[in-house]
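Reading through the structure tokens given below for one structure.
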């Protein structure tokens, strides 16, 4: 019996790294304050919370929108849609996925913060091309599990249900949910928090001990933020999160802070959303743009610009910030005048990335200049030293 026969999807409702890792996001083009009242404890806010349930031949794990997925052995070879799920896998001590949509948006440099952990992003296959995602790649990789939302493939990748069925029957099941943003109208099923999704993946790979250790560390980390965030809402910074393409941006794609995982650090730091009380719509809603004149009307305290995570802080200052400071209109913005223009964080984050970018965000908007989590503890958990 070959590998495909060991991993099958049951009842699929598809309508709608330690050092030495062998390898190491939104697909398509580079363009991509609410408080998250849902729990980050790792239990689902909707759908089944049943985790890995034993069956006569193995175990099963539920995941919306794919339903109950049954495994007769633990997956080994895997692919992921983006850096959120890829990072979860590294946190579980797995080798990096064989492929992701866009490796350029899986920012593996964050692992430089963690001793002994590294991922070679250049070895990860790019799954998303000019015409979307080709099925032949799935046959070539021959993975045991496809950690990606099949509805994303249909809604953004032009796949048909028959394509999903073919890959599941011929290769391996899909097991994923698009959790980074709640802005897609086609996503009318449960959104998992970062740790709810992480728990699901840990059960699929039968590594719940590492999940539980990360969960404890994460709870301690969030508790430590209470000493940083002001009690009064008026004392918290007002930020505008935007995608800013190129080194000389004059037009920006606005992101309103919502429940997707890509905003987790900003929700946890309880910043105020400068766009929340305006008529500016989220980029995901209508591909909207704002220009300098609109920004001058809003005049946020902080500008947090996405699309520049591959740059160091000094590189970002020398290019984007330098341009804004020299532009006749840009220099009128309060955030530019006060030196409050920063990289805004990645679209995709998993448990390791979240710790790193939340600590960085705290330094950006609250001037925190100390480490907020134990790097060695993170490395130990990844290595299985629990």
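In the working numbering, the protein residues as written are 1228 to 1613. Glycine included, C-beta positions come from ideal geometry on N, C-alpha and C. Only a predicted model underlies this, so the values are computations on that prediction, with no experimental measurement involved.
Query raised in the report: Mind pulling the alpha helix (DSSP H) runs of 4 or more residues that sit fully within the region 1511-1580?
Result: Listed in chain order, the complete alpha helix (DSSP H) runs (minimum 4 residues) inside the region 1511-1580 are 1519-1525, 1540-1543, 1549-1553 and 1561-1564.
Report task. Report yes if the C-beta distance between residue 1368 and residue 1306 is below 8 Å; otherwise report no. Result -> The count along the chain shown starts at 1 and reaches residue 1368 at position 141. The count along the chain shown starts at 1 and reaches residue 1306 at position 79. Yes, these two residues count as a Cβ contact at 8 Å.
Requested in this report: Closer than 8 Å by C-beta to residue 1457: which residues in its own chain qualify, once you throw out the five before and the five after it? Chain order, please.
Outcome: On the chain shown, position 230 is the one that residue 1457 refers to. Same-chain partners within the cutoff: 1463.
Query raised in the report: Is the region 1436-1443 in contact with the region 1557-1570, if contact means three or more CB pairs nearer than 8 Å?
Result: No, the region 1436-1443 is not in contact with the region 1557-1570.
Query raised in the report: Taking C-alpha atoms, which residue in 1585, 1402, 1394 and 1321 lies nearest to residue 1287?
Result: Along the chain shown, read from residue 1 onward, the residue named residue 1287 stands at position 60. For the set 1585, 1402, 1394 and 1321, the Cα lying nearest the Cα of residue 1287 is the one of 1402.
Requested in this report: Measure from the alpha carbon of residue 1534 to the alpha carbon of each residue in 1603, 1575, 1361 and 1432, then state which is nearest.
Outcome: The residue you call residue 1534 lines up with position 307 of the chain shown. If we check each option's Cα against that of residue 1534, 1575 comes out closest.
Report task. Would you tell me roughly how many angstroms separate the C-alpha atoms of residue 1518 and residue 1478, rounded to the nearest one? Result -> Residue 1518 sits at position 291 when you count from the first residue of the chain shown. Residue 1478 sits at position 251 when you count from the first residue of the chain shown. Residue 1518 and residue 1478: Cα-Cα distance of roughly 5 Å.
Query raised in the report: Where residue 1489 and residue 1424 are concerned, what is the direct C-alpha to C-alpha distance, given to the nearest angstrom?
Result: By 1-based counting over the chain shown, the position of residue 1489 is 262. By 1-based counting over the chain shown, the position of residue 1424 is 197. Approximately 13 Å, taken between the alpha carbons.
Query raised in the report: Since residue 1579 and residue 1323 are thought to touch, with beta carbons under 8 Å apart, how far apart are those beta carbons, to the nearest angstrom?
Result: Residue numbering aside, residue 1579 sits at position 352 when the chain shown is read from its first letter. Residue numbering aside, residue 1323 sits at position 96 when the chain shown is read from its first letter. In this structure residue 1579 is not in contact with residue 1323, their Cβ atoms being roughly 12 Å apart against a cut-off of 8 Å.
Query raised in the report: Buried or exposed: where does residue 1413 fall if 16 or more other Cβ atoms within 10 Å of its Cβ makes it buried?
Result: Against the chain shown, residue 1413 aligns to sequence position 186. Exposed, by the Cβ-count rule.
Requested in this report: Name the two residues that bound the continuous beta strand (DSSP E) containing residue 1294.
Outcome: Locating residue 1294 in the chain shown gives position 67, where the first residue counts as 1. From DSSP, the beta strand (DSSP E) with residue 1294 extends over 1294-1298.
Query - Between the CA atoms of residue 1469 and residue 1377 - distance to the nearest angstrom - result: For the purposes of this step, residue 1377 is taken as residue 150 along the chain shown, with counting starting at 1. For the purposes of this step, residue 1469 is taken as residue 242 along the chain shown, with counting starting at 1. Roughly 27 Å separates the two Cα atoms.
Query raised in the report: Can you list, in chain order, the stretches of the alpha helix (DSSP H) that have 4 or more residues and sit fully within the region 1434-1509?
Result: Counting only runs of 4 or more, we get 1435-1451 and 1491-1495.
Requested in this report: Would you kindly work out how many angstroms separate the C-alpha atoms of residue 1606 and residue 1354, rounded to a whole number?
Outcome: Your numbering for residue 1606 matches position 379 in the chain shown. Your numbering for residue 1354 matches position 127 in the chain shown. Answer to the nearest angstrom: the Cα atoms are 29 Å apart.
**Report entry** residue 1597 in three-state terms, based on DSSP
**Finding:** One-based indexing of the chain shown puts residue 1597 at position 370. Residue state, collapsed to three classes: coil.
Report task. Helix, strand or coil for residue 1374, going by three-state DSSP, please let me know. Result -> Walking along the chain shown from the start, residue 1374 turns up at place 147. In this structure, residue 1374 counts as strand in the three-state DSSP scheme.
Report task. Output the boundary residues of the beta strand (DSSP E) element that contains residue 1408. Result -> As a position in the chain shown, residue 1408 is number 181, starting the count at 1. According to the DSSP assignment, residue 1408 belongs to no beta strand (DSSP E), since it is labelled neither H nor E.
Query raised in the report: Tell me the DSSP bridge mates of residue 1401?
Result: The residue labelled residue 1401 in the question sits at position 174 within the chain shown. Bridge partners of residue 1401: 1373.
Requested in this report: Can you give me the Cβ contacts of residue 1393 inside the same chain, cut-off strictly under 8 Å, excluding the 5 residues immediately before and after it?
Outcome: Numbered from its first residue, the chain shown carries residue 1393 at position 166. Answer for residue 1393: 1362, listed in chain order.
Report task. Return the residue from the list 1384, 1498 and 1604 that minimises the CA-CA distance to residue 1589. Result -> Translated into positions along the chain shown, residue 1589 becomes position 362. When only C-alpha atoms are compared, the closest one is 1498.
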